[in-house]
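Asks: Line by line, the protein sequences give chains G, S and E.
First residue of the first sequence: 1, per this note's numbering; consecutive thereafter.
First residue of the second sequence: 439, per this note's numbering; consecutive thereafter.
First residue of the third sequence: 831, per this note's numbering; consecutive thereafter.
Even for Gly, the Cβ is constructed at its ideal location relative to N, Cα and C.
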Amino acid sequence: MSDVLVIGAGPDELVAARLLQQAGHRVTVVQEHALHDRVDGWAPAQLGGLQTTRPDPWLRTNDGLELFADVQRSAQSIGRLSARDAQRWPEFCERMARLAGLLEKIYLQAPPSLIDLRFALRVRRLGRRGMEDLMRVLPMPASELLDEWFESDILKGALCAFAVRDLQQGPRSAGTAFRLLHAHVGSPRGVFRPGTVDVAPLRSGLTMREAQVARIDVRGGAVSGATLANGETLPATIVVAGAHPGRVLGELVEPGWIDPDLVRAARRIRSRGVAARARLELERAPQWPTLTLAGTADDVERAYDAVKYGRISERPVIDAVADGAALDVHLQFVPHTAADTADIQARLVKVLQPHVPPIRRVSVRTPVDLERTYGWPQGQPHHAELSLDQALWMRPLPELAGYKTPVAGLWLCGPAMHPGAGVIGAAGYNCARAMQKS
Amino acid sequence: MLKTTPFHARTAPLCVSHAWRRWAGHVVASSYELTHEREYHVIRAAAGLLDVSPLYKYRLRGRDAARLLDLVVTRNVMKAAVGQVLYTPWCDHAGKVIDDGTVARLDEQTFRMTSAEPSLRWLEDNAAGMQVEITDVSDSTAALSLQGPMSWPILESMGAPALKYFRLAAATLRGIPVTISRTGYTGDLGFEIWVDAAQALPLWDALIDAGRGYGIMPTGLLALDMARIEAGLMLIDVDYVPARKALIASQLSSPFELDLAWTVNLEKERFIGRQALAEEKARGPQWLFVGVEVDWNSLERLYQEVGLATRVPGAAWRMSVPIYASGEQVGYATSGAWSPLLKKYIALAHLRAQWAKPGTPLEMEITVEHKRKRAAVTVVKKPFFDPPRKRA
Amino acid sequence: MTKPDVIIVGGGHNGLTCAAYLARAGKKVLVLERRERIGGAAFSEEVFPGFRFSVFSYVVSLLRPEIIRELELPRHGLQILPLESTLTPLPNGDRLVQWSDHDQNRAELARHAPRDAEAYDEFGLLLHRMARAVKPLLRTAAPDPASLRPGELFDLLRLGRYFRELPEKDLHALWKLLTMSAADYLDEWFEGEALKGTKSASGIIGTLLGPRSPGTAYVLLHHYMGELDGVFRAWGFAKGGNGSVSAAIAAAAQAHGVEIRTNAAVSRIRVKGGRASGVILENGDELEAGTIVSGADPRRTFLGLVREENLPDEFVAAIKRYKFRGASAKVNLALGELPRFTCMPEPGPHMRGAISISPSVDYLERAYDEAKYGEFSRRPYMDIVIPSMLDPSMAPPGKHVMSIFVQYAPYHLNGGWSDARREEFGDTVVNTLAEYAPNLKGAILHRQVVTPADIERIVGLSEGNIFQGELSLQQMFFLRPAPAWARYRTPIHGLYQCGSGTHPGGGVMGASGRNAAMEILR
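This is the structure in structure tokens:
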């Protein structure tokens, strides 16, 4: 039994804390940022039955397209736009589900090595078509993948919104097909939106305290605890940190313990947030559970163009989920430097107003706000952008992909780690298991 | 275009040999006279004046300047006194040498670091979160090296303060504010004088004027190369490959392998490469950097066999020459020279540790009349030449 | 000629290379070229009296040294003159010059960003290592990872072992290069906008992708690839223009007994019982051979020369979705005097190198933004060389030829390409360049503008794509041009491919032609 300090109180950190506590360690969780109760993602069964809510239809556009968990029902709706697309939808869902199935398995273990023979064999077991799909589809631009299957611009545009979510990329960028699959992981066939999970139960039975960590203490190359911003020292032989690896290795650990080249690499992990979040209070509850205003794939691409040059999209991609008479809105693209809410709010209201009951109140959180509130670096909920070069064995850096750091007893478990946000607690689960193995 | 140093207006007309050499993107005289011999002897007998401005120079200032340097280099900078100069290598995390140079403590919170390779990025990257301002002063600071037994009398005549070995002080020479350090690359009594680039020419003139009676002479890099080999001092890119340029692992060297064990201060809790160096120390280095002396009789015999008088290199050489022990290659020499002073053919060599003990008889490859032969050599202690005046 | 063993459709540099290697191995080879001249996109022509141009392809980037050696191309007249520097003029009147001399280059980089000068060597070292790791892939066919055939499995295992033996660090670095955008990759190393702009430009050449598009980092490697082969400068131009490359390969092929017929357009490849048996020319002639090799791009080969019904549906679908999207144009200028760049007005060594209009990544990305939606770039990226500086035979004494490679000029231009649109585009190019070299307009004696539509029309490259298909990740290695058919073979027995549309593709490299020949001889 040893003293374990878990820095951060996101789902990943909480899952790691619980597993370590179950293994008999004395665990303290240091909560640095505001807590989430509801998190978007897939809660694997291994975490013990967290409540997931899924809007159905999971996607609804203002042009009347509705996609449901029921593949046939979706096909009917698609049929109003294109008979050909409606016919292809079930097969598309089937092919994507196979690939997502492989990701599901990969996500609940430490990332495979790039040259892992077992991984190679597992991939070969997908058969020729599955393998080709995997190797061809993952690096593809979502827009091209969808172009291969469908003709309806409305359908393609709406799906593109999910393929670039929280990514500083447009649907024409290679690797966004992977991002679309990531959104599909853990969801029923034909659903490309993660559910919303109540993560509050993860906190029960854990010792938690609110504090800011100023330093992770290291003695002779091994962790000895952490020093809080108020100067208090918490001794521990194991520290599990959920913060961005750049902060953990580059700021919290004093220089000299870790290879400066690794620290440099950790600092330059790309973490640009690209979305603002908003909560709208309405006069009355809307008639629908979700509303996605994306336009065509080109509209999404144009929305992305702005952020490349540090501007807010003229016509942002807006995705709203109803919560009674309120809406939780995801608005993309907003540059990570954006701090001014008025501009964002104006665009949000302009786009949304025609489609929703009268708006009573709007509160917008910019990437800067999100960083302050949740500790998301630059407002990026995945901490490390989920692009192909920062996924799987590359996440967040190949040297850190095993959750272990070069400092003995210091582990990483946050959203920056494989598999990233969206698979609730999986990084914590994988981290705790890696720790138990070693 | 290549850069010229702030002294170029003086050195160019003096360089009658028109022999220039590149050094860190600058042109510097190889030798001023048609041959470099006299310049070499000036270093050992009078005072050679060398333009060493191409060195990279950084000023580090701030509360954490000492902490940063202490983190980067292998020696203990926290303990360095104001006015002290440290010669030190610095390593990557794997304990392999990136570069070597000097760290001078100008005051409590100000240091000057010299290096052979540009080092701004490395310093800045390791300074994250520290209060230290790092300025590249390579171009704004000119430097002259005055080396040889007469160097002190010249400076003394100009009113310079007395300095101990590896100490430095601010001074004013003929009205020109300078910093003088008792350092050099010749293994002799000598000083380096650091001056604002705008004052470079007046300083040159003042030194030449003051040194006239003491045999001062502008000296080029060829003479310096011979002197530094006699002093057993290694040269980057010649005697070792800096870690950042190594293409394969076998090209890397640790400080232990470069005979710099004395600079590795493992008592410091943290510095870059410490863990790897501690492990290497426990294990013992696999290679050592030593001096070897060619056995004159053996050399003479090789030449006699073909009917020639013995020949020795006229200038220092820089190449890789195999060294053997009972027929098997156990190392390689990387620089060598005929020492006109010692009347010995000497070389600096990397040897596998078990062959590196002083006194070990070995063989070095010598090409005699187009044929590769082996001359007897003996491992000796460095430096080959170590006059008491160097530290006195 | 009696019945040939092999008929090669298309006399481009890859077809000729393939022919030369096959003939060298004792095959009787007949090359059929549709046009009146050989060379495909690599040809030179006296477009205006006294002025010779490499009309389309203009630099020799990665012509495999083993091809130069094995086919003894210098004996057949090939000489490659090195391009020694790259000048990037900047809008503010400054410039960045990347020199081949290390010290000079370092000083120039340091002038813009001191940290870049330091990072540059380390960056070069890493890419050098990566290029070394990738090189074996260029020299062999790409094995199919899904195959169960013993031969392929063996190759796959061999390749697997090769990669397993590489340091893991290098593998990861390689993965990054394959998946990242050139801009993101360069951001990890450099600060200087001009340096990043110019370096990232090499990642977008020939593709309808911008420097911020993932997958563009890989091409950065190509610049380092040549240096591994002991070639001092990897980039250069052929004396006499790029036509001399084709001419030298053709001469080498003929020396080995290859027969080359021009004005011999193939209309169809005859297939009987799943086997290629010969070709039918447009004039109705029929020629027989047991082996047919197509140097044409995959679309022209499988959707033109071969009937679809002879091919499996999956394969046809794969070829149909294979992307071309040509985006590059050429503007060839005959000049009465040298251009005077505001940033470096005097004639000097910089005029003997490349001149790149790529002041920043944003500049290139904006150029791409327009092309993405079907417009040509209003302020395009340009890669300029003045071959007459090194090879005076290209222009009358004192006069010059300037070759401007331009992006983006999308093949699928909104409203389509027309003569008016072509000239409008030419004006855009000249006006943009004149901002950096004000005397340019007055110096122009003649102008030739070549759009992707022209390239398709004249040379037959689909959609004017200079690489016979985009070099993007899902069209590379064992996926080029279609999964399971990346080894120069096709679903039709006896029909092979040897063009840039096969692995490794791209540039005047000749590797596809050589690899195809090796595969056929296997």
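Could you say which of S:Arg459, S:Cys453, S:Gly521, S:Ala566 lies nearest to Pro260 (chain G) if we only look at CA atoms?
Replies: Sequence index remark: in the first sequence, residue 260 (chain G) carries index 260 (1-based). Ranking S:Arg459, S:Cys453, S:Gly521, S:Ala566 by Cα distance to Pro260 (chain G) puts S:Ala566 first.
Asks: Could you compute how far the alpha carbon of Val1061 (chain E) sits from the alpha carbon of Arg962 (chain E)?
Replies: On the third sequence, position 231 is the one that residue 1061 (chain E) refers to. On the third sequence, position 132 is the one that residue 962 (chain E) refers to. Summary for Val1061 (chain E): the model assigns pLDDT 48, below 50, so the residue's position carries little reliability, and this model does not support an answer.
Asks: Among G:Ala23, G:Ala100, G:Gly10, G:Glu281, which residue has its Cα nearest to the Cα of Lys437 (chain G)?
Replies: Here residue 437 (chain G) refers to the residue found at position 437 when the first sequence is read from its first residue. Closest by alpha carbon: G:Ala23.
Asks: Would you check if there are 3 or more beta carbon pairs closer than 8 Å linking the segment 250-269 of chain G to the segment 556-564 of chain S?
Replies: Yes, they touch.
Asks: Which residues, taken in chain order from the segment 240-272 of chain G, show a beta carbon closer than 9 Å to some beta carbon of chain S?
Replies: If the cut-off is 9 Å between Cβ atoms, the segment 240-272 of chain G has Gly250, Glu251, Glu254, Pro255, Gly256, Trp257, Ile258, Asp259, Pro260, Asp261, Leu262, Val263, Arg264, Arg267 near chain S.
Asks: Which bits of chain S does Gly8 (chain G) rub up against, with CB to CB less than 9 Å?
Replies: In the first sequence, counting from the first residue as 1, residue 8 (chain G) sits at position 8. Neighbours of Gly8 (chain G) on chain S: none; closest Cβ ~20 Å, over 9 Å.
Asks: Anything in chain S within Cβ reach of Gly221 (chain G), meaning under 7 Å, just list it in chain order.
Replies: For the purposes of this step, residue 221 (chain G) is taken as residue 221 along the first sequence, with counting starting at 1. In chain order: Gln713.
Asks: Given a cut-off of 8 Å, decide if Ala1341 (chain E) and Phe1072 (chain E) are closer than it, judged by their beta-carbon atoms.
Replies: Within the third sequence, the letter at position 242 stands for residue 1072 (chain E). Within the third sequence, the letter at position 511 stands for residue 1341 (chain E). Per the sequence shown, the amino acid found at residue 1072 (chain E) is Asn instead of Phe. No; because the gap between Cβ atoms is not below 8 Å, this pair is not in contact.
Asks: Could you work out which residue in S:Val730, S:Trp734, S:Ala484, S:Glu546 is closest to Val818 (chain S) when comparing CA atoms only?
Replies: Residue 818 (chain S) sits at position 380 when you count from the first residue of the second sequence. Val818 (chain S) has its Cα closest to that of S:Val730, out of S:Val730, S:Trp734, S:Ala484, S:Glu546.
Asks: Is the segment 835-853 of chain E close to the segment 1123-1137 of chain E, with three or more CB pairs under 8 Å?
Replies: The segment 835-853 of chain E is in contact with the segment 1123-1137 of chain E.
Asks: Report buried or exposed for Phe984 (chain E), applying the criterion of at least 16 other Cβ atoms within 10 angstroms of its Cβ.
Replies: Residue mapping note: residue 984 (chain E) aligns to position 154 of the third sequence, counting from 1. Phe984 (chain E) is exposed by the Cβ-count criterion.
Asks: Would you kindly work out how many angstroms separate the C-alpha atoms of Ala432 (chain S) and Pro826 (chain S), rounded to a whole number?
Replies: In this structure chain S extends from 439 to 830, so residue 432 (chain S) is not present and cannot be described.
Asks: Here's the rule: buried if 16 or more other CB atoms are within 10 angstroms of the residue's CB, otherwise exposed. What is Asn1295 (chain E)?
Replies: Translated into positions along the third sequence, residue 1295 (chain E) becomes position 465. Buried is the call here.
Asks: Out of S:Ala791, S:Asp626, S:Phe604, point me to the one whose CA is closest to Thr617 (chain S)'s CA.
Replies: For the purposes of this step, residue 617 (chain S) is taken as the residue at position 179 of the second sequence. Out of S:Ala791, S:Asp626, S:Phe604, S:Phe604 has the C-alpha closest to the C-alpha of Thr617 (chain S).
Asks: Comparing the C-beta of Ile572 (chain S) with each C-beta of chain G, is any distance below 8 Å?
Replies: As a working mapping, residue 572 (chain S) is identified with position 134 in the second sequence. So, not an interface residue.
Asks: Looking at chain S, which residues of the segment 924-941 of chain E have a Cβ within less than 9 Å of any of its Cβ atoms?
Replies: Residues Asp931, His932, Asp933, Gln934, Arg936, Ala937, Ala940.
Asks: Which residues, in order along the segment 528-558 of chain S, keep a beta-carbon less than 7 Å from a beta-carbon of chain E?
Replies: Listed by position, the residues of the segment 528-558 of chain S near chain E (Cβ gap below 7 Å) are Pro556, Leu558.
Asks: Could you check where the alpha helix (DSSP H) with Ala426 (chain G) kicks off and where it finishes?
Replies: Residue mapping note: residue 426 (chain G) aligns to position 426 of the first sequence, counting from 1. Start and end: 426-437.
Asks: Check whether the Cβ of Lys437 (chain G) lies closer than 8 Å to any Cβ atom in chain E.
Replies: Sequence index remark: in the first sequence, residue 437 (chain G) carries index 437 (1-based). Taking Cβ atoms only, chain E never reaches closer than 8 Å to Lys437 (chain G), which makes this a no.
Asks: Quick one: using the 10 Å Cβ neighbour count with 16 as the cut-off for buried, is Pro997 (chain E) buried or exposed?
Replies: The count along the third sequence starts at 1 and reaches residue 997 (chain E) at position 167. Looking at its Cβ environment, which holds fewer than 16 other Cβ atoms inside 10 Å, Pro997 (chain E) is exposed.
Asks: Tell me which residues share the same chain as Val806 (chain S) and place their Cβ nearer than 7 Å to its Cβ, disregarding the 5 neighbours each side in the sequence.
Replies: Translated into positions along the second sequence, residue 806 (chain S) becomes position 368. Same-chain partners within the cutoff: Leu740, Tyr741, Val744.
Asks: Is DSSP giving Thr657 (chain S) helix, strand or coil here?
Replies: Counted from its first residue, the second sequence places residue 657 (chain S) at position 219. Three-state DSSP puts Thr657 (chain S) in coil, outside helix and strand.
Asks: Measure the C-alpha to C-alpha separation of Arg88 (chain G) and Val1236 (chain E) and round it to an integer number of angstroms.
Replies: Locating residue 88 (chain G) in the first sequence gives position 88, counting from the first residue. Locating residue 1236 (chain E) in the third sequence gives position 406, counting from the first residue. If I take the Cα positions, the gap works out to 40 Å.
Asks: Given that a residue counts as buried once 16 or more other Cβ atoms are within 10 Å of its Cβ, and exposed if not, what is Asp643 (chain S)?
Replies: As a position in the second sequence, residue 643 (chain S) is number 205, starting the count at 1. Classification for Asp643 (chain S): exposed.
Asks: Assuming Arg650 (chain S) contacts Tyr623 (chain S) under a Cβ cut-off of 8 Å, what Cβ separation, rounded to an integer in Å, is found between them?
Replies: Here the question's residue 650 (chain S) lines up with position 212 in the second sequence. Here the question's residue 623 (chain S) lines up with position 185 in the second sequence. No, Arg650 (chain S) and Tyr623 (chain S) are not in contact; Cβ-Cβ is about 24 Å, not under 8 Å.
Asks: Using CA atoms only, rank isn't needed, just tell me which of S:Gly797, S:Arg620, S:Ser576 is closest to Leu593 (chain S).
Replies: Position 155 of the second sequence, counted from the first residue, corresponds to residue 593 (chain S). Leu593 (chain S) has its Cα closest to that of S:Arg620, out of S:Gly797, S:Arg620, S:Ser576.
Asks: Can you find a CB in chain S that lies within less than 8 Å of the CB of Arg827 (chain E)?
Replies: Within the shown structure, residues of chain E are numbered from 831 to 1352, placing residue 827 (chain E) beyond reach of any answer.
Asks: With distances taken from CA atoms, which of E:Tyr992, E:Gly981, E:Leu926, E:Asn844 is nearest Lys965 (chain E)?
Replies: Locating residue 965 (chain E) in the third sequence gives position 135, counting from the first residue. Nearest of E:Tyr992, E:Gly981, E:Leu926, E:Asn844 to Lys965 (chain E), Cα basis: E:Tyr992.
Asks: Rounded to the nearest angstrom, how far is the Cβ of Phe192 (chain G) from that of Leu138 (chain G), given a contact under 8 Å?
Replies: In the first sequence, residue 192 (chain G) corresponds to position 192, counting from 1. In the first sequence, residue 138 (chain G) corresponds to position 138, counting from 1. Not quite, the Cβ-Cβ distance comes to about 15 Å (not below 8 Å), so this is no contact.
Asks: Counting only beta-carbon separations shorter than 8 Å, does Arg708 (chain S) have a partner in chain G?
Replies: In the second sequence, the residue the question calls residue 708 (chain S) occupies position 270. Yes, contact with chain G.
Asks: Bridge partners of Glu801 (chain S), per DSSP?
Replies: Within the second sequence, residue 801 (chain S) is the residue found at index 363, counting from 1. Glu801 (chain S) pairs with S:Tyr762, S:Ala814.
Asks: Consult DSSP for Asn1162 (chain E) and reduce its assignment to one of helix, strand or coil.
Replies: Sequence index remark: in the third sequence, residue 1162 (chain E) carries index 332 (1-based). Residue state, collapsed to three classes: strand.
Asks: Any C-beta of chain E sitting closer than 8 Å to the C-beta of Lys441 (chain S)?
Replies: Residue 441 (chain S) sits at position 3 when you count from the first residue of the second sequence. Closer than 8 Å: yes.
Asks: Measure from the C-beta of Gly402 (chain G) to each C-beta in chain E and report whether the shortest distance is under 8 Å.
Replies: In the first sequence, the residue the question calls residue 402 (chain G) occupies position 402. Not closer than 8 Å to any Cβ of chain E, the Cβ of Gly402 (chain G) fails to qualify, so no.
Asks: Using a Cβ-Cβ cutoff of 8 Å, what residues of the segment 995-1006 of chain E are near chain G? List them in chain order.
Replies: So the close ones are Glu998, Lys999, Leu1001, His1002, Trp1005, Lys1006.
Asks: Within a Cβ cutoff of 7 Å, which residues of the same chain sit near Gly1256 (chain E), ignoring the five residues on either side of it in sequence?
Replies: Indexing the third sequence from 1 puts residue 1256 (chain E) at position 426. Here the set comprises Val1161, Arg1277, Val1279.
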